[in-house]
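A.B. asks: Counting the sequence shown from 1 gives a position; my numbering is that position plus 23.
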Amino acid sequence: MGKRLDNLKLNQKKRKKTKLIVFSVILFFLCVLFIFYQNNLKNSISKQTTAKTNEAIIKKEENPPPKNHSDETSKPDAAISVPKELTVIAVGDVLLDRQVGEMIKKYGIDEPFSDVTKILTSADVTIANLECALSTRGTKADKEYTFRGHPSWAIGIKNAGIDAVSLANNHSLDFGTEALRDTINILDEYGIYHAGAGMNSSKALLPAMMEINEKKASFLAFSYIIPNGFLPSSTRAGIAHARSPYALVTNGIKDAKENSDFVIVSFHWGVEYEDYPIKSQIELAHLAIDAGADLVVAHHPHVIQGIEIYKDKLIAYSLGDFVFDHYSRKTGEAFILKCKISQEKTLEARAIPVYLTPDGKPQMVKGDEADIILGRLKKISEKLGTSIEIENNEAIIETQNI
24 MGKRLDNLKL
34 NQKKRKKTKL
44 IVFSVILFFL
54 CVLFIFYQNN
64 LKNSISKQTT
74 AKTNEAIIKK
84 EENPPPKNHS
94 DETSKPDAAI
104 SVPKELTVIA
114 VGDVLLDRQV
124 GEMIKKYGID
134 EPFSDVTKIL
144 TSADVTIANL
154 ECALSTRGTK
164 ADKEYTFRGH
174 PSWAIGIKNA
184 GIDAVSLANN
194 HSLDFGTEAL
204 RDTINILDEY
214 GIYHAGAGMN
224 SSKALLPAMM
234 EINEKKASFL
244 AFSYIIPNGF
254 LPSSTRAGIA
264 HARSPYALVT
274 NGIKDAKENS
284 DFVIVSFHWG
294 VEYEDYPIKS
304 QIELAHLAID
314 AGADLVVAHH
324 PHVIQGIEIY
334 KDKLIAYSLG
344 DFVFDHYSRK
354 TGEAFILKCK
364 ISQEKTLEAR
374 AIPVYLTPDG
384 KPQMVKGDEA
394 DIILGRLKKI
404 SEKLGTSIEI
414 ENNEAIIETQ
424 NI
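#1: What are the boundary residues of the beta strand (DSSP E) that H322 is part of?
#2: Over the uninterrupted alpha helix (DSSP H) stretch that includes E201, give me the two end residues.
#3: In terms of DSSP beta bridges, what is W232 paired with?
#4: Would you mind giving the Cβ-Cβ distance between A183 and T140, rounded to the nearest angstrom? I have them listed as a contact below 8 Å.
#5: Excluding the 5 residues preceding and the 5 following Y296 in the sequence, name in chain order all residues of the same chain whose CB lies nearer than 8 Å to its CB.
#6: Alpha carbon to alpha carbon, what distance is there between Y130 and D298?
#7: Relative to the C-alpha of A191, which candidate in T200, L243, E167 has its C-alpha closest?
#8: For M387, does the three-state DSSP call read helix, strand or coil?
#9: From A240, R259, N223, G124, pick the residue whose C-alpha is nearest to that of V346; which is it?
#10: Do the CB positions of K107 and K238 come within less than 7 Å of each other?
#11: Rank D313, A177, S256, G390 by C-alpha distance to the C-alpha of H217 and give the top, closest one.
#12: Locate the alpha helix (DSSP H) running through G124, then write down its first and last residues.
#13: Let me know the secondary structure DSSP gives H309 once reduced to three states.
#14: What residue from C362, N251, V294, H349 has the CA that sits closest to F285's CA?
#15: Would you kindly report the start and end of the unbroken alpha helix (DSSP H) that includes A279?
#16: From which residue to which residue does the beta strand (DSSP E) around N152 run?
#17: Quick one: Cα of K280 to Cα of Y247, how far?
#18: Run through DSSP, which three-state label would D382 get?
#19: Please classify S289: does DSSP put it in a helix, a strand, or coil?
#20: How do the region 268–279 and the region 247–259 stand: do at least 3 beta-carbon pairs fall below 8 Å, yes or no?
#21: Please check the pair E356 and I396, which I expect to be a contact at CB under 8 Å, by giving their CB distance rounded to whole angstroms.
#22: Using alpha carbons as the reference points, say which of G315, S289, Y213 lies closest to N274.
#23: Between I180 and L143, how many whole angstroms is the CB-CB distance? I'm expecting something under 8 Å.
#24: Which of the three DSSP states is assigned to E412 in this structure?
#25: Closest by CA to G343, which one among E201, L337, A374?
#26: Using a Cβ-Cβ cut-off of 8 Å (strictly less than) and excluding sequence neighbours within five positions of Y378, which residues of its own chain qualify?
#27: Kindly indicate which three-state DSSP category K363 falls into: helix, strand or coil?
#28: Take L407 and list the residues in its own chain whose beta-carbon comes closer than 6 Å to its own, dropping the five residues that flank it on each side.
#29: So, helix, strand or coil for T369, using DSSP?
#30: Hey, could you find the ends of the alpha helix (DSSP H) T140 is sitting in?
#31: Do you know how far the Cα of D147 is from the Cα of A418?
#32: Would you mind reading off the limits of the beta strand (DSSP E) that contains I178?
#33: Just grab the DSSP bridge partners of E356 for me.
#34: Buried or exposed for N236, going by 16 or more other Cβ atoms inside 10 Å?
Listed below in structure tokens is the structure:
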């Protein structure tokens, strides 16, 4: 009896153990099935999402949105042409003789320019009219005024920041061909560009070709004032003339325009001590612009004349003297013209007033002194249709035709 009970209990334990094993196996398979189901569900969702994304990408490629061209043009592109601009400073007559010469001998070659060098060196190119020969040779011409400075004084022009000079004036041949040759040679030696005079007619008409920061500028110079013996020929030295019918001027400008980005033209013309340009000056200036000049500047009257904007290009009919001894209030008044030009128009322009000391040194002026000079420039220019505002001791020139 006791043994049977023991066997019964043992069998019950075995059955419980078997049931536990079976239950554990079933639970294990259920867990495996659950995990398998979850993985399949995730894969299905992932595939659906991928399919929708691919469909959207395909539709985007088939129907791309319009390009934002403003964004494209803001990026550098070698194929896009960037408009070229040039900053130019122009001043009037520079004489290195008489009282200016005495100043140089006493204080040195840099003295005449010492008050204006900072402004003269602030442009891409600075131009002036050299109103004398630079030589120790030659025979004095038979005329009332003859000017000549020492060749070594050319370094003062260079040090002042003047890049190019006009030789087309009524004093370049005051001491003949030899002195003109010396002048040209010394300018070449110091790397100063020049135009408007030469050993024959062809060379006298050649422009100075300047390259500044990958921009090409041509500088041409002509004189309407022609003393006896100053006209060149194929075998005789002389200056480039600007007499009617003006074909030499217009053809020279057109040729220069084909070979450069900018054309700057200098004229020596007008009536001495007169405030306003005469008819021939206006006619010739307009012809120069029509032929392709981007800027026209001029000198000779020894006083300032007005500024005109013609077809969006600036014409300065007379800048006045710049380094020149003088004997009256008006002949001591002058201005430095500073312009920013493009190949289509004058973008900005301002006039900085200077007053010359009796021995010819230009000095910056402010306050009432500046207002006198700029007020007269404004009045003269208004008759040429040009609007000028005076601000901070400078004349701001309206450069767009209204």
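Positions of the beta carbon are idealized from the N, C-alpha and C atoms, including for glycine.
C.D. replies: The relevant details are as follows:
#1: Looking up residue 322 in the sequence shown gives position 299. Taken as a continuous stretch (DSSP letters only), the beta strand (DSSP E) holding H322 covers 318–322.
#2: Position 178 of the sequence shown holds residue 201. Counting along the chain, the alpha helix (DSSP H) containing E201 begins and ends at 199–212.
#3: Residue 232 sits at position 209 when you count from the first residue of the sequence shown. Here residue 232 turns out to be Met, not Trp, going by the sequence shown. Paired residues: S241.
#4: Here residue 183 corresponds to residue number 160 of the sequence shown, with the count starting at 1. Here residue 140 corresponds to residue number 117 of the sequence shown, with the count starting at 1. Their Cβ separation, rounded to whole angstroms, is 5 Å, which keeps A183 and T140 in contact under 8 Å.
#5: Here residue 296 is taken as the residue at index 273 of the sequence shown, counted from 1. Excluding residues within five positions, the ones whose Cβ falls inside 8 Å are P324, H325, V326, K353, T354.
#6: Residue 298 sits at position 275 when you count from the first residue of the sequence shown. Residue 130 sits at position 107 when you count from the first residue of the sequence shown. Rounded to whole angstroms, D298 to Y130 spans 34 Å at the Cα level.
#7: One-based indexing of the sequence shown puts residue 191 at position 168. Checked all of T200, L243, E167; the closest Cα to A191 is L243.
#8: As a first step, residue 387 is located in the sequence shown; it is residue number 364 there, counting from the start. Here M387 sits in strand by DSSP.
#9: Position 323 of the sequence shown, counted from the first residue, corresponds to residue 346. Minimum Cα distance to V346 is reached at G124.
#10: For the purposes of this step, residue 107 is identified with residue 84 of the sequence shown, where counting begins at 1. For the purposes of this step, residue 238 is identified with residue 215 of the sequence shown, where counting begins at 1. In this structure, K238 lies closer than 7 Å to K107 by Cβ.
#11: As a first step, residue 217 is located in the sequence shown; it is residue number 194 there, counting from the start. Of the candidates D313, A177, S256, G390, the one whose C-alpha sits nearest the C-alpha of H217 is A177.
#12: Taking the sequence shown and counting its residues from 1, one reaches residue 124 at position 101. Unbroken alpha helix (DSSP H) run through G124: 121–130.
#13: By 1-based counting over the sequence shown, the position of residue 309 is 286. Three-state result, H309: helix.
#14: The sequence position of residue 285 within the sequence shown is 262, counting from 1. Per the Cα distances, C362.
#15: In the sequence shown, the residue the question calls residue 279 occupies position 256. Its alpha helix (DSSP H) spans residues 270–281.
#16: The residue you call residue 152 lines up with position 129 of the sequence shown. Start and end: 148–153.
#17: As a position in the sequence shown, residue 280 is number 257, starting the count at 1. As a position in the sequence shown, residue 247 is number 224, starting the count at 1. Each residue's alpha carbon lies about 22 Å from the other.
#18: To locate residue 382, count along the sequence shown from 1; it is residue 359. The answer is coil: DSSP assigns D382 none of H, G, I, E or B.
#19: By 1-based counting over the sequence shown, the position of residue 289 is 266. If DSSP states are grouped into helix, strand and coil, S289 belongs with the strands.
#20: no
#21: Walking along the sequence shown from the start, residue 356 turns up at place 333. Walking along the sequence shown from the start, residue 396 turns up at place 373. Contact holds; Cβ gap of about 5 Å.
#22: Taking the first residue of the sequence shown as 1, we reach residue 274 at position 251. With distances taken between Cα atoms, N274 lies closest to G315.
#23: Translated into positions along the sequence shown, residue 180 becomes position 157. Translated into positions along the sequence shown, residue 143 becomes position 120. That pair is no contact at about 10 Å.
#24: Along the sequence shown, read from residue 1 onward, the residue named residue 412 stands at position 389. It is a strand residue.
#25: Along the sequence shown, read from residue 1 onward, the residue named residue 343 stands at position 320. Residue A374 is the option with its Cα nearest to G343.
#26: Here residue 378 is taken as the residue at index 355 of the sequence shown, counted from 1. Answer for Y378: G355, E356, A357, P385, Q386, V388, E392, I396, listed in chain order.
#27: For the purposes of this step, residue 363 is taken as the residue at position 340 of the sequence shown. If DSSP states are grouped into helix, strand and coil, K363 belongs with the strands.
#28: Here residue 407 is taken as the residue at index 384 of the sequence shown, counted from 1. G329, E331.
#29: Within the sequence shown, the letter at position 346 stands for residue 369. The answer is strand: DSSP assigns T369 an E or B state.
#30: Residue 140 sits at position 117 when you count from the first residue of the sequence shown. Its alpha helix (DSSP H) spans residues 140–143.
#31: Locating residue 418 in the sequence shown gives position 395, where the first residue counts as 1. Locating residue 147 in the sequence shown gives position 124, where the first residue counts as 1. Rounded to whole angstroms, A418 to D147 spans 20 Å at the Cα level.
#32: If you number the sequence shown from 1, residue 178 lands on position 155. Unbroken run through I178 is the alpha helix (DSSP H), 177–182; no beta strand (DSSP E).
#33: The residue you call residue 356 lines up with position 333 of the sequence shown. DSSP lists Y378 as partners of E356.
#34: Indexing the sequence shown from 1 puts residue 236 at position 213. Under this definition N236 is an exposed residue.
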